[in-house]
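Which chain is which? The protein sequence lines are A and B, in order. If you're matching positions, the first sequence starts at 2 in this note's numbering and goes up one per residue. If you're matching positions, the second sequence starts at 260 in this note's numbering and goes up one per residue.
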Amino acid sequence: MSDAHAEPTAEATWQGGGSPFAVGHKKLGMWLFIVSDALTFGALLMAYSYLRVANDWPTPFDFYPAIIFSSVMTLVLLSSSLTMVFGVSCASKGDRAGTKKWIWATILGGLLFVVLHSYEWNHLIHEGLTPFSSPYGTPLFGATFFTLTGLHMTHVAIGVVYLAVIANGFGRGKYDAEDVEVVGLYWHFVDLVWMFIFPMVYLLSTKV
Amino acid sequence: MATEVAEHLEVHRHPEPTNFWTKYIFSIDHKVIGIQYIILAIVAVFVGMALSLLVRLRLVWPDKPIEILGTLFPVGAPEGVMTPEFYLAMLTMHGTMMVFMVLTTAPQGGFGNYILPIQIGAADMAFPTLNMLSFWTTFVSFVTLCAAFFVQGGAPIAGWTAYPPLSALDEATIGGYGQDLWLLSIAFFCIGSLLGALNFIVTTLQLRAKGLTMMRLPLTVWTWFVTAILGLLAFGVLLSAGVLLLMDRLGGTSFFIPGGLLVNDIPIDHTGGSPILWQHLFWFFGHPEVYIAILPGMGVTSHILATFARKPVFGYKAMVYAVVAIGALGFVVWGHHMFVSGMSPYSGFVFSVLTMCIGVPSAIKTFNWIGTLWGGKIRFTTPMLYSIGFVSLFVTGGISGIFLGQPSVDLFFHDTYFVVAHFHLIMGVAAIFGMFAGVAFWFPKFFGRMMSEGMGKVHFWLTFLGVYAIFGPMHYLGVIAHPRRYAETTSVDYLGAAGANEIHYFVTMAAMITVTVQCLFLINVVWSLFKGKRVTSDNPWEATTLEWVTATPPAHDNFEGRIPTVNHGPYEFSVPGAPRDYVMQCNAPDAAPARKSGE
């Protein structure tokens with residue numbers, strides 16, 4: 002038996018005593034979480050597609066307000082990904098103030114998304130759309146709509162809290178650049194999911 | 260950047276806990292968590308066995324009053340006679356208990372948790388706190404499942420697969436909260452398993468000791484690793500499906516409830532959903548789940564066969580590739596559970612061919628197990644017997660799988676006892692034998708005492724013969740078209756004429772004896788804990804992998820700060836020219852002349 006500790010190394014190695022991808026545990030863990038969460042969303046999107054094909058699906062969304070509104074939401078969310086990139090970049094350069102600033106910009110984008118989305122939900126609920134009834138046709142429209150966007154919004158809300166924790170901790174030196182990168186991965190993933198939900202739930206249901 | 264990654268790679272050394280709560284209850288030590296999982300599984304397995312006995316009793320004596328049941332379950336068994344709904348509830352809970360709380364927890368969460376970090380030379384899992392949370396989430400899931408027995412309406416009756424519309428509509432059942440609790444329990448279970456799977460993958464990739472390449476990993480580690488990948492990809496889908504079904508039950512949606520449904524002449528106010536959609540989502544999880552249950556057993560078997568045959572595993576690389584192939588194919592065959600649900604013949608054909616493909620890696624594994632035994636200096640210890648039993652059960656249960664993978668044959672067999680025999684042998688009993696082998700093999704490492712070989716051997720033979728006596732005749736029941744899931748068939752003419760009643764009687768008797776014999780296992784565990792022979796060395800089996808160089812039982816951080824360097828493959832037994840008949844993985848590079856196998 003050797004007395005030497007397994008020396009950690011920053012080089013990628015499959016030989017043991019290091020990381021095969023030269024990443025920390027948290028980053029690899031987040032990638033794996035993203036894979037599994039992608040399957041969770043994938044299952045819902047599959048179920049939605051299955052039911053959409055099997056039913057006479059309504060296309061109730063007017064160009065204004067629904068599509069304009071959801072496009073603005075998309076723009077906000079995508080912009081928040083950009084600010085996140087700046088945040089990660091600052092963090093890797095050791096610029097703590099800059100990182101904090103950009104993460105807070107990201108949080109603002111996320112919050113704006115949640116507010117806009119709640120407004121949109123409110124509007125639809127006023128029109129009579131619920132998970133179990135729909136003024137437009139099959140009640141499954143409401144069921145799938147609220148399930149998909151609801152789960153996504155939950156992810157955004159969790160992301161906002163997660164970002165705030167990291168921004169605060171990074172400023173105080175509790176977290177380092179990799180922690181910022183890891184929260185960035187999560188945030189980009191939440192955006193990416195929206196890039197599936199937006200066309201499949203909104204654009205495909207535009208009134209023509 | 261370099262130092263940052265280095266910091267992240269450091270094993271999270273946590274101080275040794277000092278009080279009872281942090282040491283044994285909310286412990287973040289993977290060894291304690293492993294034992295917690297195993298205890299949970301042992302409790303669940305005895306509950307599950309008791310339920311199966313009720314099921315067996317109902318089948319043989321459908322209208323005979325059993326007084327104690329009347330007292331315990333005044334609604335489910337009025338005056339001691341089990342109602343058909345009660346039978347289905349017991350069946351459902353038996354399946355759920357066994358599949359989730361036993362077959363998924365013990366092999367992976369139990370043995371994997373305890374042994375994997377030690378076998379790869381790590382001080383703990385990559386995320387110790389997450390590990391603790393995984394267990395406690397699973398525990399909450401277990402308690403929630405048990406609560407389903409006691410709520411109004413009783414336990415759910417829709418089977419462990421919870422097929423809608425039966426599982427979705429209260430109109431179709433007695434109603435109540437049983438099914439809701441079941442779904443909540445499964446949702447918790449998914450979350451616990453996902454966290455665990457993530458942890459296992461990161462640990463295996465990141466924390467291997469120096470020199471431990473992927474192709475030097477013990478096969479146990481390989482199977483836990485692949486099982487974790489399956490869990491990571493499968494449980495998320497079940498989580499989604501479970502949430503949708505829960506919304507159907509509580510939120511008034513109709514994801515899985517079709518329109519125009521009449522239940523007991525009551526029109527159901529739902530439209531547009533599809534019960535088949537549930538089956539797709541469920542089995543996309545459900546088939547990988549079968550491998551989640553069995554793969555760790557394969558790993559343990561390979562490991563133990565090599566150790567007690569004193570030979571390297573025959574075809575180590577082929578074994579690794581076979582495990583990976585089985586895991587990958589497991590995700591593209593879910594449709595073979597749905598041949599009778601209505602499916603395009605073309606889809607059925609594709610699913611059938613892919614299913615047959617799994618026969619190839621499975622056959623490779625079986626061949627290699629026999630190749631490992633061939634010409635070995637076999638030591639017939641108790642763990643070795645269980646492992647050989649595993650191979651036997653795996654072959655018997657696997658062959659009937661080839662039958663069921665053909666749509667044309669499956670159309671006849673699907674809803675018969677043939678399927679019951681098939682999946683119990685391969686996924687239930689074979690996996691359980693893997694666990695028995697694991698307990699007998701690692702018990703000296705866990706507790707520093709050997710288990711009683713005498714009791715172990717008696718238990719092995721009685722259980723081995725017992726399970727064949729239970730499930731062997733069920734193949735015949737399937738061939739005579741005996742439907743499964745039915746509470747009462749004693750007065751069905753064509754079954755009685757073919758001898759089904761006598762067979763049920765025999766099977767029930769065999770089941771009662773086999774269940775009783777399991778108490779012997781429990782007695783053996785308890786007796787050995789206090790009276791077992793103390794081990795005289797850290798490596799009583801003369802095995803090669805890293806868990807046998809640690810103290811017995813291992814110290815809090817496993818290697819007392821001295822992580823070994825690995826210089827050898829995992830199964831270097833009987834190396835020509837070596838001083839002993841085994842070379843441990845951490846022995847000096849020149850401890851054995853270089854050889855290809857296991858590298």
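Virtual Cβ for every residue (Gly too), placed ideally from N, Cα, C. Given the structure is predicted, the values throughout are model-derived calculations rather than measurements.
Test: residue i CB closer than 7 angstroms to a CB of chain A
i      : result
D849/B : no
G579/B : According to the sequence shown, residue 579/B is Val rather than Gly. For V579/B, the answer is no, since every Cβ of chain A falls outside 7 angstroms of its Cβ.
T472/B : yes
L536/B : yes
T512/B : yes
L721/B : no
L478/B : no
V591/B : no
L492/B : yes
S499/B : yes
L540/B : yes
6 angstroms CB neighbourhood of residue i in its chain, flanking five on each side removed
i      : result
G143/A : L130, T131, P132, S135
S856/B : Below a pLDDT of 50, predicted positions are generally treated as unreliable, and S856/B, at 49, falls in that range; no measurement from the model is reported.
R793/B : R708
V549/B : M686
G371/B : W483
Closer than 7 angstroms to chain B by CB, residue i
i      : result
G17/A  : yes
H26/A  : yes
G99/A  : no
L164/A : no
A92/A  : no
L117/A : no
G30/A  : yes
A144/A : yes
S20/A  : yes
Partner residues on chain A for residue i, Cβ-Cβ distance less than 8 angstroms
i      : result
V582/B : Here the premise fails: no neighbours, minimum Cβ distance about 18 angstroms.
T403/B : Near T403/B there are no residues of chain A at all, since even the closest Cβ is about 20 angstroms away, more than 8 angstroms.
V496/B : L40, T41, G43, A44
S533/B : Y51, L52, A55
M506/B : P132, A144, T148
L503/B : L45, A48, T148
Beta-carbon proximity list for residue i, same chain, < 8 angstroms, skipping 5 on both sides
i      : result
K28/A  : E179, E182, V183, L186
A265/B : Note that A265/B has pLDDT 45, beneath the 50 cutoff, so the model's placement of it is unreliable and no number is given.
N826/B : G470, Q844, C845, N846, A847, P848, A850
G95/A  : A178
V209/A : T60
A500/B : W537, L540, F541, F544
Y764/B : V319
T640/B : F567, A699, E712, W800
Interface residues of chain B facing residue i [CB-CB closer than 9 angstroms]
i      : result
T207/A : The premise fails here: T207/A is roughly 21 angstroms from chain B at the closest Cβ pair, so nothing lies under 9 angstroms.
Neighbourhood of residue i by C-beta distance below 7 angstroms, restricted to the same chain and skipping five residues each side
i      : result
A680/B : S659, F730, M733, H734, G737
M74/A  : F114, L117, H118
T100/A : G88, C91, A92, F171, V181
F649/B : G556, T560, A689, F692, G693, A696
7 angstroms Cβ cut-off: residues of chain A touching residue i
i      : result
L509/B : Going along chain A, no residue has its Cβ under 7 angstroms from L509/B, so there is no contact; the nearest lies around 10 angstroms.
Proximal residues of chain A, C-beta to C-beta of residue i below 9 angstroms
i      : result
T530/B : N56, T139, P140, L141
- Query: Using a Cβ cut-off of 7 angstroms, which residues of the region 129-142 of chain A contact any Cβ in chain C, in chain order?
  - Reply: Note that chain C does not occur in the displayed structure, where the protein chains are A and B.
- Item | Contact residues within the region 436-469 of chain B, judged by C-beta distance below 7 angstroms to chain A | For the region 436-469 of chain B, which is checked against every Cβ of chain A, the residues closer than 7 angstroms are L453, L457, I460, V461, L464, Q465, R467, A468, K469.
- Item | Contact set between the region 34-68 of chain A and chain B, restricted to residues whose Cβ is under 7 angstroms from the partner | Of all residues in the region 34-68 of chain A, only F34, V36, S37, D38, L40, T41, A44, L45, A48, Y51, L52, A55, N56 come within less than 7 angstroms of chain B when Cβ atoms are compared, listed by chain position.
- Take every Cβ of the region 303-319 of chain B, pair it with every Cβ of the region 374-391 of chain B, and state whether three or more of those distances are shorter than 8 angstroms. No, because fewer than three Cβ pairs between the region 303-319 of chain B and the region 374-391 of chain B fall closer than 8 angstroms, the two stretches do not touch.
- Return the residues of the region 183-205 of chain A that lie within a Cβ-Cβ distance of less than 7 angstroms from chain B, sorted by chain order. So the list is empty, because no residue satisfies the distance condition.
- Of all the residues that make up the region 808-828 of chain B, which are near chain A by a beta-carbon distance shorter than 7 angstroms? Along the region 808-828 of chain B, going in chain order, the ones with a CB nearer than 7 angstroms to a CB of chain A are V808, R821, I822, P823, T824, V825.
- Item | Contact between the region 519-537 of chain B and the region 423-433 of chain B (3+ Cβ pairs under 8 angstroms) | Judged by Cβ distances under 8 angstroms, the region 519-537 of chain B makes contact with the region 423-433 of chain B, as three or more pairs qualify.
- Item | Chain-ordered residues of the region 368-399 of chain B with a beta carbon less than 9 angstroms from chain A | Answer in chain order: I379, G380, A381, A385, F386, L389.
- Message: Using a Cβ distance threshold of 8 angstroms, determine whether the region 104-111 of chain A contacts the region 155-172 of chain A, with at least three qualifying pairs required.
- Response: A contact exists between the region 104-111 of chain A and the region 155-172 of chain A.
- Is the region 692-699 of chain B touching the region 544-562 of chain B, taking contact as three or more C-beta pairs under 8 angstroms? They touch, by the three-pair rule.
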